[in-house]
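Reading through the structure tokens given below for one structure.
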Amino acid sequence: MHEAEIQYIREALQQAEGDDLYRAELSFRGMTAEAMGEQYGRSGQTRQQILDEYREHAARHTLAVAFFERLVGGM
């Protein structure tokens, strides 16, 4: 791969990360377990389910970035 394409993919991965987890943690900070178990707005999900999904997405993203970096080997 060429350096320009590798850099483009790195930037795309950075942009794909998003800030959903950060915003959810900020919004739900300090809530009781009971409040976390309540449905959030019209989402059809509890606050805890939303937080868990964002954490799972963040973990998958971290793995994807690590995989890509192993593929390109520091190019």
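Numbering-wise, the sequence shown is residues -14 to 60 according to the numbering used here. Here a beta-carbon is modelled for each residue, glycine too, at the ideal position from N, C-alpha and C. Everything numeric in this text was worked out from a predicted model, so none of it was measured.
Integer-rounded CB distance, given that residue 25 should sit under 8 angstroms from residue 31:
The Cβ separation is near 7 angstroms, so the contact holds.
Based on the DSSP secondary-structure assignment, which residues constitute the bridge partners of residue 31?
In the DSSP secondary-structure assignment, residue 31 is bridged to 24.
Using the Cα positions of residue 33 and residue 44, report the straight-line distance between them to the nearest angstrom.
Rounded to the nearest angstrom, the two C-alpha atoms are 16 angstroms apart.
Under the three-state reduction of DSSP, which class applies to residue 42: helix, strand or coil?
For residue 42, the secondary structure class from DSSP, reduced to helix, strand or coil, is helix.
Any idea what DSSP makes of residue 137, helix, strand or coil?
Examination of residue 137 is not possible in this model, given that the chain is present from -14 through 60 alone.
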